[in-house]
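Down below is the structure, laid out as structure tokens.
Protein chains: 2
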Amino acid sequence: MAWFRNLIQLSSSTARQSSPSSSFLKLGLSAASPFTPFSPFTTHTTEPPTKYAGLPPTKPDEKPRIVVLGSGWAGCRLLKDIDTNIYDVVCVSPRNHMVFTPLLASTCVGTLEFRSVAEPIGRIQPAISREPNSYFFLSNCTAVDADKHVVHCQTVTDGVQTLDPWNFEIAYDKLVIAAGSQALTFGIKGVEEHAIFLREVHNAQDIRRKLLLNLMLSDVPGVTEEEKMRLLHCVVVGGGPTGVEFSGELSDFIMRDVHQRYAHVKDYIHVTLIEANEILSSFDDRLRRYATKQLVKSGVRLVRGIVKDVEPKKIILSDGTDVPYGLLVWSTGVGPSSFVQKMDFPKSPGGRIGVDQWLRIPTAQDVFAIGDCCGFLESTKNPVLPALAQVAERQGKYLAKRLNKIGESGRGHANAGKEIEDLGDPFVYKHLGSMATVGRYKALVDLRQSKAAKGVSMAGFVSWFIWRSAYLTRVISWRNRFYVAINWFTTFIFGRDISRI
Amino acid sequence: MAWFRNLIQLSSSTARQSSPSSSFLKLGLSAASPFTPFSPFTTHTTEPPTKYAGLPPTKPDEKPRIVVLGSGWAGCRLLKDIDTNIYDVVCVSPRNHMVFTPLLASTCVGTLEFRSVAEPIGRIQPAISREPNSYFFLSNCTAVDADKHVVHCQTVTDGVQTLDPWNFEIAYDKLVIAAGSQALTFGIKGVEEHAIFLREVHNAQDIRRKLLLNLMLSDVPGVTEEEKMRLLHCVVVGGGPTGVEFSGELSDFIMRDVHQRYAHVKDYIHVTLIEANEILSSFDDRLRRYATKQLVKSGVRLVRGIVKDVEPKKIILSDGTDVPYGLLVWSTGVGPSSFVQKMDFPKSPGGRIGVDQWLRIPTAQDVFAIGDCCGFLESTKNPVLPALAQVAERQGKYLAKRLNKIGESGRGHANAGKEIEDLGDPFVYKHLGSMATVGRYKALVDLRQSKAAKGVSMAGFVSWFIWRSAYLTRVISWRNRFYVAINWFTTFIFGRDISRI
Numbered sequence: 001m002a003w004f005r006n007l008i009q010l011s012s013s014t015a016r017q018s019s020p021s022s023s024f025l026k027l028g029l030s031a032a033s034p035f036t037p038f039s040p041f042t043t044h045t046t047e048p049p050t051k052y053a054g055l056p057p058t059k060p061d062e063k064p065r066i067v068v069l070g071s072g073w074a075g076c077r078l079l080k081d082i083d084t085n086i087y088d089v090v091c092v093s094p095r096n097h098m099v100f101t102p103l104l105a106s107t108c109v110g111t112l113e114f115r116s117v118a119e120p121i122g123r124i125q126p127a128i129s130r131e132p133n134s135y136f137f138l139s140n141c142t143a144v145d146a147d148k149h150v151v152h153c154q155t156v157t158d159g160v161q162t163l164d165p166w167n168f169e170i171a172y173d174k175l176v177i178a179a180g181s182q183a184l185t186f187g188i189k190g191v192e193e194h195a196i197f198l199r200e201v202h203n204a205q206d207i208r209r210k211l212l213l214n215l216m217l218s219d220v221p222g223v224t225e226e227e228k229m230r231l232l233h234c235v236v237v238g239g240g241p242t243g244v245e246f247s248g249e250l251s252d253f254i255m256r257d258v259h260q261r262y263a264h265v266k267d268y269i270h271v272t273l274i275e276a277n278e279i280l281s282s283f284d285d286r287l288r289r290y291a292t293k294q295l296v297k298s299g300v301r302l303v304r305g306i307v308k309d310v311e312p313k314k315i316i317l318s319d320g321t322d323v324p325y326g327l328l329v330w331s332t333g334v335g336p337s338s339f340v341q342k343m344d345f346p347k348s349p350g351g352r353i354g355v356d357q358w359l360r361i362p363t364a365q366d367v368f369a370i371g372d373c374c375g376f377l378e379s380t381k382n383p384v385l386p387a388l389a390q391v392a393e394r395q396g397k398y399l400a401k402r403l404n405k406i407g408e409s410g411r412g413h414a415n416a417g418k419e420i421e422d423l424g425d426p427f428v429y430k431h432l433g434s435m436a437t438v439g440r441y442k443a444l445v446d447l448r449q450s451k452a453a454k455g456v457s458m459a460g461f462v463s464w465f466i467w468r469s470a471y472l473t474r475v476i477s478w479r480n481r482f483y484v485a486i487n488w489f490t491t492f493i494f495g496r497d498i499s500r501i
Numbered sequence: 001m002a003w004f005r006n007l008i009q010l011s012s013s014t015a016r017q018s019s020p021s022s023s024f025l026k027l028g029l030s031a032a033s034p035f036t037p038f039s040p041f042t043t044h045t046t047e048p049p050t051k052y053a054g055l056p057p058t059k060p061d062e063k064p065r066i067v068v069l070g071s072g073w074a075g076c077r078l079l080k081d082i083d084t085n086i087y088d089v090v091c092v093s094p095r096n097h098m099v100f101t102p103l104l105a106s107t108c109v110g111t112l113e114f115r116s117v118a119e120p121i122g123r124i125q126p127a128i129s130r131e132p133n134s135y136f137f138l139s140n141c142t143a144v145d146a147d148k149h150v151v152h153c154q155t156v157t158d159g160v161q162t163l164d165p166w167n168f169e170i171a172y173d174k175l176v177i178a179a180g181s182q183a184l185t186f187g188i189k190g191v192e193e194h195a196i197f198l199r200e201v202h203n204a205q206d207i208r209r210k211l212l213l214n215l216m217l218s219d220v221p222g223v224t225e226e227e228k229m230r231l232l233h234c235v236v237v238g239g240g241p242t243g244v245e246f247s248g249e250l251s252d253f254i255m256r257d258v259h260q261r262y263a264h265v266k267d268y269i270h271v272t273l274i275e276a277n278e279i280l281s282s283f284d285d286r287l288r289r290y291a292t293k294q295l296v297k298s299g300v301r302l303v304r305g306i307v308k309d310v311e312p313k314k315i316i317l318s319d320g321t322d323v324p325y326g327l328l329v330w331s332t333g334v335g336p337s338s339f340v341q342k343m344d345f346p347k348s349p350g351g352r353i354g355v356d357q358w359l360r361i362p363t364a365q366d367v368f369a370i371g372d373c374c375g376f377l378e379s380t381k382n383p384v385l386p387a388l389a390q391v392a393e394r395q396g397k398y399l400a401k402r403l404n405k406i407g408e409s410g411r412g413h414a415n416a417g418k419e420i421e422d423l424g425d426p427f428v429y430k431h432l433g434s435m436a437t438v439g440r441y442k443a444l445v446d447l448r449q450s451k452a453a454k455g456v457s458m459a460g461f462v463s464w465f466i467w468r469s470a471y472l473t474r475v476i477s478w479r480n481r482f483y484v485a486i487n488w489f490t491t492f493i494f495g496r497d498i499s500r501i
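Line by line, the protein sequences give chains U and G.
Here the first sequence is numbered in this note's numbering, starting from 1 and rising by one per residue.
Here the second sequence is numbered in this note's numbering, starting from 1 and rising by one per residue.
Below you can see the structure in the form of structure tokens.
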């Protein structure tokens with residue numbers, strides 16, 4: 001580190017020089033300057049190489065360490081609620097923020113800004129940036145060694161010039177797998193390459209950039225009518241809440257902003273929503289009818305069809321129909337990720353990590369799974385819960401409470417004995433209802449606990465108001481709550497921003 | 001377009017079906033569905049191919065057409081002031097927004113959001129999106145044919161899956177070249193590959209992503225002390241206002257946000273500013289001394305040195321010193337772009353497009369140049385003006401006024417005669433002063449007209465307040481003015497956002 005000590009010397013000497021009485025600071029590198037003894041920077045250092053290192057097991061007199069894999073709804077809720085007086089926490093995830101997924105569709109067209117729906121993990125659990133033994137690691141977990149109580153990780157370096165990715169190990173006392181799911185493509189060729197999913201902020205950024213690019217390109221002389229029609233044909237595959245909300249936002253954007261700001265091409269832009277079954281299948285029939293009517297009214301074309309093949313500029317339906325597109329958004333639900341698939345744990349029906357009613361993995365001491373990546377084992381006789389933010393968050397909350405209790409009773413360390421004694425209540429999921437917007441000031445609110453149950457379900461402006469209010473209070477930090485409100489306000493007053501940055 | 005008409009038919013029939021009395025909309029594609037006659041989408045269409053088309057010369061009974069190349073300070077000010085009752089305007093630029101460059105440095109560390117400093121051209125001049133014959137084309141100009149009054153352009157498609165770039169021509173009545181400049185690298189090897197400039201929003205995004213990545217990577221087990229030191233060494237080359245402001249923002253970010261949110265690595269992060277001569281050479285000595293003191297106080301290392309070579313992880317100074325870096329920002333001024341260099345027009349000293357005192361290119365009828373890309377011809381006996389936003393904006397304003405006058409007098413069309421009669425006053429530049437921040441609540445304001453002139457110059461908190469107020473009023477739209485104020489407010493209250501999205 002000789003090079004750096006010299007730099008520091010230089011600057012402290014210049015700082016002294018810059019007293020009010022001195023003349024303008026001379027930064028020259030004369031032969032006698034402190035810069036001269038700079039030793040060349042080499043990669044061969046006398047310090048011990050710490051590559052392939054990691055965090056060793058905690059000692060009995062240290063706080064036990066909880067390792068959380070993932071930074072979605074489940075992992076972040078757990079991180080938020082964990083008592084950091086009892087535990088050190090380590091979060092391992094390829095992204096340093098949580099995405100407020102219900103509002104992600106709004107960011108694609110500029111109703112909301114991208115940052116308004118991203119919450120840094122350091123804000124959700126400040127201990128990871130302040131406590132000496134709590135960390136956030138920008139990494140993927142590559143393997144779990146449940147016998148040795150160790151996870152193997154690899155850094156995400158996202159670029160060549162910084163550092164090559166490297167591997168390290170983290171010993172855990174308790175491990176919480178909250179690694180989420182991945183978008184389902186049903187093995188359809190070309191989806192991964194040509195369609196955009198709507199799960200991460202960078203997906204929304206891609207959609208926005210492509211949409212604005214297509215709007216601009218279709219206005220340039222030299223585009224045929226046919227190409228123009230294709231470029232501005234936005235196809236959404238999947239009629240679940242995400243697909244419907246995105247279609248609604250898009251048609252809003254077209255009606256309000258494209259008509260005003262891209263007047264030359266406004267008659268060419270169209271939205272088609274393709275669904276193999278029925279849209280919003282989890283909502284009641286009356287709400288579905290309402291949603292269908294609203295979408296059709298706002299110009300969204302609803303098409304029942306099964307996608308067979310995706311090519312760069314068109315999709316092919318199972319009946320042979322070609323549907324040319326300029327933007328293709330794919331939102332047909334989620335399934336177990338490849339990480340979950342290759343894990344050597346018992347699985348739930350549908351291939352998720354199997355857990356018991358206390359969210360433990362029965363074959364692995366001190367290992368838990370929450371959120372989309374887990375499902376109840378068949379032996380529990382409970383159904384696998386849907387992959388919803390609501391489920392994931394509730395599981396994170398439940399498990400944090402339980403781990404805090406285990407820690408309080410002094411059994412936070414690895415292999416501290418079976419916890420059968422204080423299992424407490426098992427996790428029971430109570431559905432609070434579903435919400436979805438369907439475009440301009442209209443939403444659905446279904447407060448029934450299941451499709452068969454009785455209860456309140458409504459649609460329209462009041463629902464939209466409830467939808468906005470509910471999400472505004474659910475946004476995690478005050479900062480983002482403030483920004484979401486400001487974004488909505490400015491979109492209402494000034495329209496959406498259309499700079500393509 | 002048979003495929004599309006069929007889609008429309010389908011949806012209008014479904015819309016009829018969805019009357020309140022009907023049961024849930026059936027979207028099925030039966031054999032008899034309107035979807036069946038879908039003709040396959042082919043690229044061979046019977047419509048005439050319009051590729052390699054363009055905008056033909058205007059007719060005498062049409063509005064004359066002004067073509068503006070570029071969307072920086074000069075071009076946008078001209079666009080804003082042009083009378084669209086007289087002219088149709090066409091803007092050609094590879095980006096659809098103007099960047100409010102003086103605030104760009106603040107976006108790199110999250111003090112301001114990226115969108116707050118980007119102004120869509122459609123907001124600056126709404127005619128381009130509304131008027132039938134005014135356009136914005138997301139394209140680069142490839143050549144100017146002054147004899148034929150035509151510019152050749154190529155679209156920017158930024159991706160493979162949309163469309164291949166294509167060429168087209170635009171005939172102009174008046175052409176305004178406002179194509180800007182490019183960053184100077186002095187032919188130093190490795191600058192283009194490894195350093196980040198600070199001129200566009202995507203540059204600021206790259207800086208932010210890299211800075212946050214390095215902060216996170218340096219915290220992962222397995223990084224040697226030496227690598228940690230390098231990863232968190234931010235080097236800024238160039239001590240002009242941009243380099244100084246960026247260094248100040250960065251040290252602010254370190255003092256306030258890194259210390260709090262990256263406590264594990266806070267002692268490793270350092271900023272070094274390398275300048276071959278003196279920093280802020282356009283400011284007076286007293287202000288320079290003040291800036292130097294402030295920067296050193298806030299932890300910026302000032303080093304006088306000449307960069308010889310840039311390698312992926314270190315720069316080499318001319319005296320052989322190695323300076324390892326994790327982030328390298330290059331800001332050593334600007335020079336003529338390759339587009340300007342290859343243009344067949346007379347040049348000013350320094351190689352810019354040569355103009356007379358009325359900002360005309362003397363050898364080309366109806367062609368003007370403004371902003372960083374132009375300079376007074378030696379024959380005018382005027383000095384080449386500095387590449388400042390202030391100069392560019394004033395030239396845009398001047399030329400818009402002049403072109404409006406020419407248009408009013410009925411000579412807006414191409415070759416409408418020499419305009420010698422109503423030349424009006426030549427363009428005279430009066431410097432209004434310079435401003436720069438030097439970190440936390442401190443700025444410099446130099447209101448002298450030139451380095452030799454007398455006048456007010458001051459530094460400190462009051463200057464900082466003037467700096468903020470001045471820029472806030474200069475931000476073009478109310479929307480962004482509002483956002484800049486909100487961003488400053490939230491940064492003050494909540495700190496900067498650190499999600500890496």
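Where is the CB? At the ideal position from N, CA and C, for every residue including glycine.
Where residue i falls, given that 16 or more other Cβ within 10 Å makes a residue buried
i	result
Lys-228 of chain U	buried
Tyr-483 of chain G	buried
Glu-245 of chain G	buried
For residue j and residue i, the rounded distance between their alpha carbons
i	j	result
Thr-84 of chain U	Gly-122 of chain G	51 Å
Met-98 of chain G	Leu-69 of chain G	13 Å
Ile-476 of chain G	Leu-104 of chain G	14 Å
Ala-470 of chain U	Glu-225 of chain U	44 Å
Arg-352 of chain U	Val-265 of chain U	46 Å
Leu-79 of chain U	Val-445 of chain G	47 Å
Thr-491 of chain U	Val-156 of chain U	35 Å
Ala-204 of chain U	Arg-304 of chain G	44 Å
Glu-192 of chain G	Trp-330 of chain G	9 Å
Arg-321 of chain G	Leu-327 of chain G	According to the sequence provided, residue 321 of chain G is Thr. The question's Arg does not apply to it. Each residue's Cα considered, the two are about 18 Å apart.
Gly-503 of chain U	Ile-466 of chain U	In the structure displayed, chain U extends from 1 to 501; residue 503 of chain U sits before or after that span and is not available.
Arg-209 of chain G	Ile-196 of chain G	12 Å
Reduced DSSP category for residue i - H, G, I as helix; E, B as strand; rest coil
i	result
Trp-464 of chain U	helix
His-264 of chain G	helix
Val-233 of chain G	Before going on, a small fix: residue 233 of chain G reads as His here, not Val. Of the three classes helix, strand and coil, the one that applies to His-233 of chain G here is strand, per DSSP.
Cys-108 of chain G	coil
Glu-278 of chain U	coil
Phe-492 of chain U	helix
Residue i and residue j closer than 8 Å at C-beta
i	j	result
Leu-388 of chain G	Cys-374 of chain G	no
Gly-54 of chain U	Ile-177 of chain U	no
*asked:* Short of 7 Å Cβ to Cβ, which residues in the segment 99-114 of chain U face chain G?
replied: Glu-113 and Phe-114
*Could you name the residues of the segment 53-87 of chain U whose beta carbon sits closer than 9 Å to any beta carbon of chain G, in the order they occur along the chain?*
Ala-53, Gly-54 and Leu-55
*asked:* Counting only Cβ-Cβ distances shorter than 7 Å, please list the residues of the segment 313-342 of chain U near chain G, keeping chain order.
replied: Lys-314, Asp-319, Thr-321, Asp-322 and Pro-324
*If you measure beta-carbon to beta-carbon, which residues of the segment 216-241 of chain G are closer than 8 Å to chain U?*
Met-216, Leu-217, Asp-219, Val-220, Pro-221, Gly-222, Val-223, Thr-224, Glu-225, Glu-226, Glu-227, Met-229, Arg-230, Leu-231 and His-233
*Could you name the residues of the segment 259-276 of chain G whose beta carbon sits closer than 8 Å to any beta carbon of chain U, in the order they occur along the chain?*
Gln-260, Arg-261, Tyr-262, Ala-263, His-264, His-270, Thr-272 and Glu-275
*Members of the segment 368-391 of chain U near chain G, C-beta cut-off 8 Å*: none
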